[in-house]
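2 protein chains.
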Amino acid sequence: MDLILNHWQTRLNPKLFKKDPISSDLGLRISKEALLLFAEVGFDGFTFKKLAERLNTTESSIYRYFDNKHRLLIYLIAHHWLWLEHQIYFHIHAFSSPEDQLYRALEIICHSDELPWPFEHLDRKALHMVLIDASLRAYYSHEVDLENKDGLFSDYKRLNHRLSVLLQQSAPNYPYPKAMISTIFETVHSQQFYAIHLPALTDLNRSEGQVHQFVKTLINNCITCQNL
Amino acid sequence: MDLILNHWQTRLNPKLFKKDPISSDLGLRISKEALLLFAEVGFDGFTFKKLAERLNTTESSIYRYFDNKHRLLIYLIAHHWLWLEHQIYFHIHAFSSPEDQLYRALEIICHSDELPWPFEHLDRKALHMVLIDASLRAYYSHEVDLENKDGLFSDYKRLNHRLSVLLQQSAPNYPYPKAMISTIFETVHSQQFYAIHLPALTDLNRSEGQVHQFVKTLINNCITCQNL
DNA sequence: ACTAAAGTGAAAGTAATACTATCACACCCC
DNA sequence: GGGGTGTGATAGTATTACTTTCACTTTAGT
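Here the protein sequences line up with chains A and C, keeping their order. Per numbering that gives the first Met the number 0, residue 0 is the first one in the first sequence, and the count goes up by one each step. Per numbering that gives the first Met the number 0, residue 0 is the first one in the second sequence, and the count goes up by one each step.
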């Protein structure tokens, strides 16, 4: 397990943390419990103090690992993008056409819940809820530019880029591949958020199958309809 | 001017404020300056104290009008949805087919910058920036459910509903009209956010014309391609 | 012109948050 | 047995998000 952890961990941007959380038992417990706490009380309700109490440790100890709760959130979410990218490239290389690859990628994105999950200390379901409820907080903050400069979003951006390329190859005349892919990533979470909290805004329910159908149609239309 | 203001103001949900901001000079100054401050420092940087200083008044006076900065933000943004809805229905009734109506509505949504603007005390450009930078904060909060119950998002939801109906009429076989419309509303702002802060995620620039092209293609594909 | 009510400003206070700093202790590895 | 590394405990600061109270002024009603 340490091997797996280290393999993935080393691919995370070190600027996400002050001290590598997998380098110690406390670090692992912090990331594990932080994820559960985020899922439970949301981004606004999350404080280092609450987290410290749950772990029978102190705020100062947590601050040794993470600058603030915002970076901690980005750190947790980065695991999702990193793993998603790996799974996508693991599963699509068998397909030869970029189109088939893209559709397979969409399936994986929409059913990420059901994939194997290498980070044993991070609860998959909790991460999924956090992605739905709080992932937008990860980049819609007043520190976006700074954090972007530090490369904190590079995992997400790289994945976005790779899928854009596939879309471009599948639909050479479609002019907005990047915008389409980022829209899809956002949509996958926001539609689930709506399904839970603002159901008037969507016809989808929380089942990922429906979300998958929705975004598949989006892509399908890009590829088959070239009537601009 | 008071007449115009009152006409629109009365259509805003009174739960958005504790005391009607247009009922007094201070109230008007608060909403006016709050908008500018939001645009300047973002949601996180915004405090009632800063606002009070700018207005040469006190925090307690502001609290007489608004419960907290989050509701104040929703209050400001509600003006946009209300006015957008009115403009859309003013401009589309000349068209007979739901399809034409929908396309015209898209134009209006994407070029809302250039519409006349009835709220003289609220800076249109600042509101536009706030929509791009902070509008997601309006509903992605840990109080969504409560605020939704209070009807704070009803203007947005109603607009969403009306356009969904148009889309449904234009593309009777398309199964996800609501999801498509909410995706479009979100996209119009988020793609502009990306263009400014995370340009790797989009091929659009900030010009609303490009955003318009992008979402028009989305709708166009729904209507013309029925290959599900 | 007198009164009551409403609106505002000033000041103080509370609880919580987001940190930072210091020191003592335990442990583990040469 | 000494020197780092990791942790816990305590304390402290600045800021935020509010609430409360009181005094003052303007306004509205008769």
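Glycine residues also receive a C-beta, built at the ideal position from the N, C-alpha and C atoms.
Q. Does the region 110-125 of chain C touch the region 112-121 of chain A, meaning 3 or more C-beta pairs lie closer than 8 Å?
A. no
Q: State yes or no: is the C-beta of W80 of chain A within less than 8 Å of the C-beta of L158 of chain A?
A: Counted from its first residue, the first sequence places residue 80 of chain A at position 81. Counted from its first residue, the first sequence places residue 158 of chain A at position 159. In contact: W80 of chain A and L158 of chain A (Cβ atoms closer than 8 Å).
(Q) Relative to the C-alpha of I183 of chain C, which candidate in A:H141, A:Y173 and A:V214 has its C-alpha closest? (A) In the second sequence, the residue the question calls residue 183 of chain C occupies position 184. Measuring from the Cα of I183 of chain C, the nearest candidate turns out to be A:V214.
Q. Where does S59 of chain C land, buried or exposed, given buried means 16+ other C-beta within 10 angstroms?
A. Within the second sequence, the letter at position 60 stands for residue 59 of chain C. With fewer than 16 other Cβ atoms within 10 Å, it is exposed.
Q: Look at A126 of chain A and H211 of chain A and say whether their C-beta atoms are less than 8 Å apart.
A: For the purposes of this step, residue 126 of chain A is taken as the residue at position 127 of the first sequence. For the purposes of this step, residue 211 of chain A is taken as the residue at position 212 of the first sequence. As written in the sequence, residue 126 of chain A is Leu, which differs from the Ala given in the question. Against a cut-off of 8 Å, the Cβ pair of H211 of chain A and L126 of chain A comes out as no contact.
Q: Output the distance between the C-alpha atoms of L162 of chain A and F42 of chain A, rounded to the nearest integer angstrom.
A: Taking the first sequence and counting its residues from 1, one reaches residue 162 of chain A at position 163. Taking the first sequence and counting its residues from 1, one reaches residue 42 of chain A at position 43. If you take the alpha carbons of L162 of chain A and F42 of chain A, they lie about 29 Å apart.
Q: Anything in chain A within Cβ reach of K49 of chain C, meaning under 9 Å, just list it in chain order.
A: What you label residue 49 of chain C is simply residue 50 of the second sequence in a count that begins at 1. The contacting residues do not exist; K49 of chain C stays about 14 Å from chain A at best.
Q | Top-ranked residue by Cα proximity to F152 of chain C, from C:N219, C:Y138 and C:H160 | A | Against the second sequence, residue 152 of chain C aligns to sequence position 153. The shortest Cα separation from F152 of chain C among C:N219, C:Y138 and C:H160 belongs to C:Y138.
Q. Which value, in whole angstroms, describes the spacing of the CA atoms of N147 of chain C and L72 of chain C?
A. Indexing the second sequence from 1 puts residue 147 of chain C at position 148. Indexing the second sequence from 1 puts residue 72 of chain C at position 73. So the two alpha carbons sit approximately 15 Å from each other.
Q: Could you run through the region 187-200 of chain A and flag, in chain order, every residue whose CB is less than 8 Å away from some CB of chain C?
A: S189, Q190, F192, Y193, H196, L197, A199 and L200
(Q) Give me the chain C residues within the contact set of C224 of chain A, using Cβ-Cβ distance strictly less than 7 Å, ordered along the chain. (A) As a first step, residue 224 of chain A must be located in the first sequence, where it is residue number 225. What C224 of chain A touches in chain C: N220, T223 and C224.
(Q) Restricting to runs no shorter than 4 residues, where is the alpha helix (DSSP H) found entirely within the region 45-113 of chain C? (A) 47-54, 58-62, 68-91 and 97-109
Q | Beta-carbon proximity of S134 of chain A to H188 of chain A, cut-off 8 Å | A | Working through the first sequence from its first residue, we reach residue 134 of chain A at position 135. Working through the first sequence from its first residue, we reach residue 188 of chain A at position 189. The answer is yes: Cβ separation under 8 Å.
Q. Residues in its own chain within less than 7 Å of I108 of chain A by CB, not counting five upstream and five downstream?
A. Position 109 of the first sequence holds residue 108 of chain A. For I108 of chain A, where only same-chain residues beyond five positions count, the Cβ hits under 7 Å are L83 and V187.
**Q.** Which listed residue (C:F89, C:L34, C:L25 and C:L145) has its alpha carbon closest to that of K124 of chain C
**A.** Residue numbering aside, residue 124 of chain C sits at position 125 when the second sequence is read from its first letter. When each option's Cα is compared against that of K124 of chain C, the closest is C:L34.
Q) In whole angstroms, what is the alpha-carbon distance linking H85 of chain C and R103 of chain C? A) Along the second sequence, one-based indexing puts residue 85 of chain C at 86. Along the second sequence, one-based indexing puts residue 103 of chain C at 104. Distance between the alpha carbons of H85 of chain C and R103 of chain C is about 13 Å.
Q. Can you list, in chain order, the stretches of the beta strand (DSSP E) that have 3 or more residues and sit fully within the region 172-202 of chain C?
A. none
Q | Supposed contact pair D202 of chain C and K177 of chain A - C-beta distance, whole angstroms, cut 8 Å | A | As a first step, residue 177 of chain A must be located in the first sequence, where it is residue number 178. As a first step, residue 202 of chain C must be located in the second sequence, where it is residue number 203. About 5 Å separates the two Cβ atoms, so the contact holds.
Q | Delimiting residues of the alpha helix (DSSP H) encompassing A133 of chain A | A | On the first sequence, position 134 is the one that residue 133 of chain A refers to. Element bounds for A133 of chain A: R123 to Y138.
**Q.** Contacting residues, own chain, Cβ-Cβ under 8 Å from H78 of chain C (five flanking each side not counted)
**A.** The residue you call residue 78 of chain C lines up with position 79 of the second sequence. Same-chain partners within the cutoff: W7, L11, F118, L121 and L126.
Q.
For a test of the three-state rule: what should DSSP assign to W116 of chain A, helix, strand or coil?
A. Reading the first sequence from its first residue, position 117 is the one you call residue 116 of chain A. DSSP places W116 of chain A in coil when its eight states are reduced to three.
Q. If you count every other CB in all the chains shown that lies within 10 Å of the CB of A93 of chain C, and 16 or more means buried, which is it?
A. Taking the second sequence and counting its residues from 1, the one referred to as residue 93 of chain C is at position 94. Counting Cβ neighbours within 10 Å, A93 of chain C comes out exposed, since fewer than 16 surround it.
Q. How is A170 of chain A classed by DSSP in three states: helix, strand or coil?
A. Within the first sequence, numbered from 1, the residue matching residue 170 of chain A stands at position 171. It is coil, neither helix nor strand.
Q. Using a C-beta cutoff of 8 Å, does N159 of chain A count as contacting chain C?
A. Position 160 of the first sequence, counted from the first residue, corresponds to residue 159 of chain A. With 8 Å as the cut-off, N159 of chain A counts as an interface residue toward chain C.
Q. Nearest-angstrom Cα distance between E250 of chain A and T216 of chain A?
A. The shown model of chain A, from 0 to 227, leaves out residue 250 of chain A, and the question about it has no answer.
Q.
So that I know if they touch, is there some Cβ in chain A lying closer than 8 Å to that of L227 of chain C?
A. Residue 227 of chain C sits at position 228 when you count from the first residue of the second sequence. Reliability fails at L227 of chain C, whose pLDDT of 47 lies under 50, so the model's placement of it is uncertain and the value that follows must be treated cautiously. Taking Cβ atoms only, chain A reaches closer than 8 Å to L227 of chain C, which makes this a yes.
Q: Using a Cβ cut-off of 8 Å (strictly closer), state whether R205 of chain A contacts chain C.
A: The residue you call residue 205 of chain A lines up with position 206 of the first sequence. No, R205 of chain A does not count as interfacial toward chain C.
Q) alpha helix (DSSP H) containing G208 of chain A: first to last residue? A) By one-based count along the first sequence, residue 208 of chain A stands at place 209. Taken as a continuous stretch (DSSP letters only), the alpha helix (DSSP H) holding G208 of chain A covers E207 to T223.
(Q) Tell me the rounded alpha-carbon separation between G208 of chain A and I180 of chain C. (A) Within the first sequence, residue 208 of chain A is the residue found at index 209, counting from 1. Within the second sequence, residue 180 of chain C is the residue found at index 181, counting from 1. Going by the C-alpha atoms only, they are around 19 Å apart.
Q: Could you check if E270 of chain C is buried or exposed, using at least 16 other CB atoms within 10 Å of its CB as the buried criterion?
A: Outside the shown range of chain C, which is 0 to 227, sits residue 270 of chain C, and nothing can be said about it.
Q: Go ahead and pull the three-state DSSP assignment for L11 of chain A.
A: As a first step, residue 11 of chain A is located in the first sequence; it is residue number 12 there, counting from the start. Of the three classes helix, strand and coil, the one that applies to L11 of chain A here is coil, per DSSP.
Q: Alpha carbon to alpha carbon, how far is N55 of chain A from D24 of chain A? Give it in angstroms, no decimals.
A: By 1-based counting over the first sequence, the position of residue 24 of chain A is 25. By 1-based counting over the first sequence, the position of residue 55 of chain A is 56. Whole-angstrom Cα-Cα distance: 13 Å.
Q: With a threshold of 16 other CB atoms inside 10 Å of the CB of N220 of chain A, please say whether the residue is buried or exposed.
A: Here residue 220 of chain A refers to the residue found at position 221 when the first sequence is read from its first residue. Buried, by the Cβ-count rule.
Q: Can you say whether S22 of chain A is buried or exposed, counting buried as having 16 or more other CB atoms within 10 angstroms of its CB?
A: Here residue 22 of chain A corresponds to residue number 23 of the first sequence, with the count starting at 1. When all chains shown are included, S22 of chain A counts as exposed.
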